[in-house]
Amino acid sequence: MKRLLFALATAAGLLSTACGGGSSVQPPPPVGKYSMASLNGQYAFVTNGEVFTSGSNAPVPLARTGVFIADGKGNITGGIEDVNASGTPSNAIAITNGTYIVNADGRGALALNVGQSTLDFGITLTSTSDGLLIDETSNSNQASTGSGNFVLQKAAPFALTDVNGPYVFDFPGLDANNNPESFIGEFTVDNTGAIPTGFFDDNVNGNLTSGGMAPGSIAQDPLQLSTLSSFGRGIANIAGQNFVFYIVDSRRVRFVSTSGGMLSGDAVTQSTNVPTSTSNFNGSFAFVLAGASANGGVTRVGRFTANGATVGNVLGDTNDAGRQHPSTSFSSGTITFDSANPGRGQITFQDTSFPFAFVFYLSSASSGVIQDVTQSGPGVGIVVADGSIELQSGSPFTSANVSGTYAMNWSGLVVAGGSFPIEDEEDLLAQANVSSMTLSGAADLFQFTSATLTPQLDLGVGGVIQINGTDGTSGDGSRNGMTVNLTGANPINFVVYFVNPQLAFFANRDNSGAQRIVVGILKLQQ
Amino acid sequence: MGRDMKAAIRSYSGTLALLIILVFCISANAQQTQQAQQADTQRLHAYGVNRESFLLGTVVKFESVSSAAPIGAHLTLQTPSGQVDVHLGNAKVLQAGHLELNPGDNVRIVGEPLALGDKTYFAARIVQKGAQAVAVRNAKGYLLTSASTLTPDQKQALRGVR
Chain A
1 MKRLLFALAT AAGLLSTACG GGSSVQPPPP VGKYSMASLN GQYAFVTNGE
51 VFTSGSNAPV PLARTGVFIA DGKGNITGGI EDVNASGTPS NAIAITNGTY
101 IVNADGRGAL ALNVGQSTLD FGITLTSTSD GLLIDETSNS NQASTGSGNF
151 VLQKAAPFAL TDVNGPYVFD FPGLDANNNP ESFIGEFTVD NTGAIPTGFF
201 DDNVNGNLTS GGMAPGSIAQ DPLQLSTLSS FGRGIANIAG QNFVFYIVDS
251 RRVRFVSTSG GMLSGDAVTQ STNVPTSTSN FNGSFAFVLA GASANGGVTR
301 VGRFTANGAT VGNVLGDTND AGRQHPSTSF SSGTITFDSA NPGRGQITFQ
351 DTSFPFAFVF YLSSASSGVI QDVTQSGPGV GIVVADGSIE LQSGSPFTSA
401 NVSGTYAMNW SGLVVAGGSF PIEDEEDLLA QANVSSMTLS GAADLFQFTS
451 ATLTPQLDLG VGGVIQINGT DGTSGDGSRN GMTVNLTGAN PINFVVYFVN
501 PQLAFFANRD NSGAQRIVVG ILKLQQ
Chain B
1001 MGRDMKAAIR SYSGTLALLI ILVFCISANA QQTQQAQQAD TQRLHAYGVN
1051 RESFLLGTVV KFESVSSAAP IGAHLTLQTP SGQVDVHLGN AKVLQAGHLE
1101 LNPGDNVRIV GEPLALGDKT YFAARIVQKG AQAVAVRNAK GYLLTSASTL
1151 TPDQKQALRG VR
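Chains as they are written, first to last, in this note's numbering: chain A, 1 to 526; chain B, 1001 to 1162.
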């Protein structure tokens, strides 16, 4: 019944956004290999987005991190979560029970009961061990949205010693004054839970700082001692800021801050073979970043080829507050490594005379986190943005290998609404079959631009991926295109950079219809 | 001999023509480079309160969102020196500040001209109408969100978020 009501609200909402037309694509019947049994075990989840509370007239940023336990039969048997709403934390909220459904295509719904409230999520499995989700909560207490994912945890019991060794982290969010912040770096945890060393790059409101961390620690939460062994939950102090963490396994730990603002993100193990100099940093990399500029929201996607200390074949696409800027002519690319901090380095390249600069921390030879450090003056960043960098492989990308069923998620800002149109959060979660580069699937969409604040469920998804597109690119992971058709909406065009046939980064590339500043991923279902 | 001279003249003329074309190209390239550098200098230009100025004018048009970048609320302001496109950022911040802008309103805008691509606009930091003033950007130029307008009580109420 709830989904039916949502569907009716969807139809009503689309009337205001379709601009006198739009796609008539319908969702296909769900087919695939998934079932209720595919979601079975204890999963650590995160979302980042916004929340409207009753009595407020505007949404505020929201980050949540937690655990839910699925029984493989449609029941949630327990869990816990910690949330941070614009710097106000609410900790160790018990998830008493709940329900879920998983359709054959891996799409489904998750309802987590927390006290008298229910939190609703749309989910799309990418395997039986992980998946993507968006917050679709809309009840009398709050409406919240945001994008995230869930990952199967190691078997309980958990212990602090599960977290040991060097980790690379990316914690974006807000500082204590609600200014944009990007905090990335690396730290080492010893077998006592101490964090004796670490190094960071921080961009708060355009102020760039970098340096060694003050000593920190991870520990049991003295107020919730049992949550460590049962859920992998504990508390941490990193660079002077307090966090709650959830252990996925020894390789991944999820954090959300409880002091000094709202930061959240994952720390992943840094491998022993991480490149430490340009001599062992070779190959083609795709990158995606998102954040803020003085103009508004900003996204950057692109790719480059590293060859020793030089950078070539750079392509990049920036969307700065709705102004798209595809760059094809780069020069003067360089890479340097920080000999004192393994895996940390800087990459620069020029677009005409505009000097892009990024700092990165590699967690392995093929993966890392990246922060924009382009400066207008000493220590002054022109944007606050960070994201991921991934080694490209499996090219050429063709209809032969970009094929199968993919989960799709995008998140960012959209302009929509009725009599008082505004810009606000948009999150989409979809599953689509890609065959001969044609998309066919279904999606949930939640835009915080409507007065009704109801997610639009089970929209049809159509469209095409354009490899070797009209901009003269090739199948090596360079800039490609994608057009997505959603029921009732005008076509939405994206630029796509393939990491491999199983994963791609994308960002929207036109504002001919609704204005958008979104980035997303395509991930093959396993 | 005569044939050789003619060839030499043709050659010289060709060289001259090529040189002129090259000089023209270099000049054009220099001009383009100069323009590109100006544009890029503007792209590299972070907001700074020390460069702020203010506009006094009359509201011609208010849009909670505009089809023109940068995304967000825009104001067309009639000033003594002409009309100016003013970017106000997130309309919800104005709404939270209970500031309504209508054609004919006299306003004072504190901010700085910024460039986005090949266009410039006036990036507002403070919008003032009569005795009412609402900040829409912080001192570093980043857009404020409705989270910035929360009162301590409203922040405390966020502890109920689940």
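Here a beta-carbon is modelled for each residue, glycine too, at the ideal position from N, C-alpha and C.
- Taking 8 Å as the threshold, the shortest C-beta distance from residue 294/A to chain B falls below it.
- Beta-bridge analysis with DSSP links residue 182/A to 172/A, 203/A.
- Distances from the alpha-carbon of residue 157/A to those of 233/A, 89/A, 144/A put 233/A closest.
- Shown here for residue 389/A: same chain residues with a beta carbon closer than 6 Å to its own, the five before and five after excluded, namely 285, 287, 360, 368, 370 in chain order.
- DSSP places residue 1114/B within a strand segment (E or B) once states are collapsed to three.
- Look at residue 380/A here: in three-state DSSP terms it is strand.
- Contact between the stretch 141-154 of chain A and the stretch 117-133 of chain A is established, with three or more Cβ pairs separated by less than 8 Å.
- Residue 432/A sits in a strand when the DSSP states are folded into three classes.
- Residues of the stretch 61-82 of chain A with a Cβ closer than 7 Å to any Cβ of chain B, in chain order: 61, 62.
- Straight through space, the alpha carbons of residue 1046/B and residue 380/A are spaced by roughly 8 Å.
- Counted as a single uninterrupted DSSP element, the beta strand (DSSP E) harbouring residue 266/A occupies residues 261-269.
- The C-beta distance from residue 180/A to residue 174/A rounds to 7 Å, short enough to fall under 8 Å.
- Residues of chain B whose Cβ lies closer than 9 Å to the Cβ of residue 364/A do not exist, since the nearest Cβ in that chain is about 33 Å away.
- Taking the C-beta atoms as reference points, residue 505/A is found no nearer than 8 Å to residue 480/A.
- Within the model, the alpha-carbon separation for residue 334/A versus residue 70/A is close to 48 Å.
- The CB of residue 114/A comes closer than 8 Å to the CB of 1162 in chain B, given here in chain order.
- Listed by position along chain A, the residues whose Cβ is nearer than 7 Å to that of residue 1051/B form an empty set, because the closest Cβ is around 12 Å away.
- Per DSSP, residue 365/A lies in no alpha helix (DSSP H) segment and is marked neither H nor E.
- For residue 1093/B, no beta strand (DSSP E) encloses it; the enclosing alpha helix (DSSP H) starts and ends at 1091-1096.
- Residue 261/A sits buried, since 16 or more C-beta atoms from the chains shown fall within 10 Å of its C-beta.
- Among the CB atoms of chain A, none fall inside 8 Å of the CB of residue 1135/B.
- In the DSSP assignment, residue 236/A falls within the beta strand (DSSP E) that extends over 233-238.
- Residue ranges of uninterrupted alpha helix (DSSP H) with 4 or more members are absent from the stretch 20-63 of chain A; none lies entirely inside it.
- In summary, the residues of the stretch 298-323 of chain A whose CB is separated from some CB of chain B by less than 7 Å are 320, 321, 322, 323, in the order they occur in the chain.
- In the structure shown, the three-state DSSP call for residue 1061/B is strand.
- Rounded to the nearest angstrom, the gap between the Cα atoms of residue 190/A and residue 490/A is 53 Å.
- DSSP places residue 227/A in the helix class (H, G or I) of the three-state scheme.
- At a Cβ-Cβ threshold of 8 Å, residue 1161/B and residue 276/A do not count as neighbours.
- Residue-level contact by beta carbon fails for residue 1151/B and chain A, as no gap is shorter than 8 Å.
- If you check each beta-carbon in the stretch 1049-1080 of chain B against every beta-carbon of chain A, the ones closer than 7 Å belong to 1064, 1065, 1069, 1070, 1071, 1072.
- When beta bridges are read from the DSSP output, residue 112/A appears opposite 98/A, 119/A.
- Nearest CB-CB separation between residue 206/A and chain B: below the 8 Å threshold.
- Residue environment analysis places residue 1080/B among the exposed positions, since fewer than 16 neighbouring C-beta atoms fall within 10 angstroms of its C-beta.
- With contacts defined by Cβ atoms closer than 8 Å, residue 241/A and residue 259/A form a contacting pair.
- By the Cβ criterion, the stretch 403-411 of chain A is in contact with the stretch 421-429 of chain A, since at least three pairs of Cβ atoms, one from each stretch, lie closer than 8 Å.
- DSSP links residue 304/A through a beta bridge to 285/A.
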